[in-house]
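In UniProt numbering, the protein residues as written are 1 to 176.
All C-beta atoms in this analysis are idealised placements derived from N, C-alpha and C, irrespective of residue type, glycine included.
Remember, predicted model here, so these are calculated numbers, not experimental data.
For reference, the structure is listed below as structure tokens.
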């Protein structure tokens, strides 16, 4: 059996050798921006075959950091799925408007986990110590291909979030 660290050598195929594990560079992160999102009260859909479903309207906010600066538009929502009382899958779609007038679509997929008690408090608009909640995300950013932000579509971003009674704060990092 071939081990992952061994190079693949198929002389007959002309295929290049796979890199060894020692040649694979681990990812590095660079801080892009903080997004502060203001939200309205959740709209409860109810318990479906996928678990409890809620929709949280996004009502604005701001983005600030070395890579992006501007506002969160009052356009979008966070579609939430609670398959259990300790797990939330989040799918937030909204629009940023940069200080220089360009629009960026944010499609953020997240996982928020914690104790049943802590997630229940969050769902009821109560403050919970952020250290007690695991909140990680993978935001996809898209901009007009002729804008100075077109490069956002070509890289991967990850983030960490904190939920407060009136909003969400997400720190976004570019993966290199």
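Just grab the DSSP bridge partners of residue i for me.
{"i": "residue 86", "result": "Beta-bridge pairing links residue 86 to no other residue."}
{"i": "residue 64", "result": "34"}
{"i": "residue 181", "result": "Outside the shown range of the chain, which is 1 to 176, sits residue 181, and nothing can be said about it."}
{"i": "residue 97", "result": "71, 103"}
{"i": "residue 144", "result": "DSSP, once it has assigned bridges, lists no residue as partnering residue 144."}
{"i": "residue 58", "result": "39"}
{"i": "residue 111", "result": "89, 136"}
{"i": "residue 78", "result": "56, 92"}
{"i": "residue 44", "result": "54"}
Pull up the distance between the alpha-carbon of residue i and that of residue j, whole angstroms please.
{"i": "residue 62", "j": "residue 137", "result": "18 angstroms"}
{"i": "residue 159", "j": "residue 174", "result": "9 angstroms"}
{"i": "residue 67", "j": "residue 144", "result": "16 angstroms"}
{"i": "residue 9", "j": "residue 26", "result": "Below a pLDDT of 50, predicted positions are generally treated as unreliable, and residue 9, at 49, falls in that range; the measurement from the model is reported next regardless. Each residue's alpha carbon lies about 24 angstroms from the other."}
{"i": "residue 109", "j": "residue 81", "result": "11 angstroms"}
{"i": "residue 48", "j": "residue 153", "result": "34 angstroms"}
{"i": "residue 106", "j": "residue 161", "result": "15 angstroms"}
{"i": "residue 53", "j": "residue 38", "result": "20 angstroms"}
{"i": "residue 91", "j": "residue 76", "result": "11 angstroms"}
{"i": "residue 139", "j": "residue 157", "result": "6 angstroms"}
{"i": "residue 150", "j": "residue 28", "result": "21 angstroms"}
{"i": "residue 3", "j": "residue 155", "result": "Here residue 3 scores only 44 on pLDDT, less than 50, and its place in the model should not be relied on; the value that follows carries that caveat. For residue 3 and residue 155, the distance between alpha carbons rounds to 30 angstroms."}
{"i": "residue 7", "j": "residue 176", "result": "Because residue 7 carries a pLDDT of 47, less than 50, the predicted location of this residue cannot be relied on, and no value is offered for it."}
Does the beta-carbon distance from residue i to residue j come in below 9 angstroms?
{"i": "residue 171", "j": "residue 34", "result": "yes"}
{"i": "residue 74", "j": "residue 167", "result": "no"}
{"i": "residue 111", "j": "residue 88", "result": "yes"}
{"i": "residue 43", "j": "residue 57", "result": "yes"}
{"i": "residue 31", "j": "residue 55", "result": "no"}
{"i": "residue 93", "j": "residue 70", "result": "no"}
{"i": "residue 164", "j": "residue 127", "result": "yes"}
{"i": "residue 102", "j": "residue 147", "result": "yes"}
{"i": "residue 122", "j": "residue 133", "result": "yes"}
{"i": "residue 60", "j": "residue 86", "result": "no"}
Could you tell me the boundaries of the alpha helix (DSSP H) in which residue i lies?
{"i": "residue 188", "result": "Residue 188 lies beyond the stretch modelled for the chain, which goes from 1 to 176, so this question has no answer here."}
List the endpoints of the continuous beta strand (DSSP E) containing residue i.
{"i": "residue 172", "result": "167 to 175"}
{"i": "residue 158", "result": "156 to 164"}
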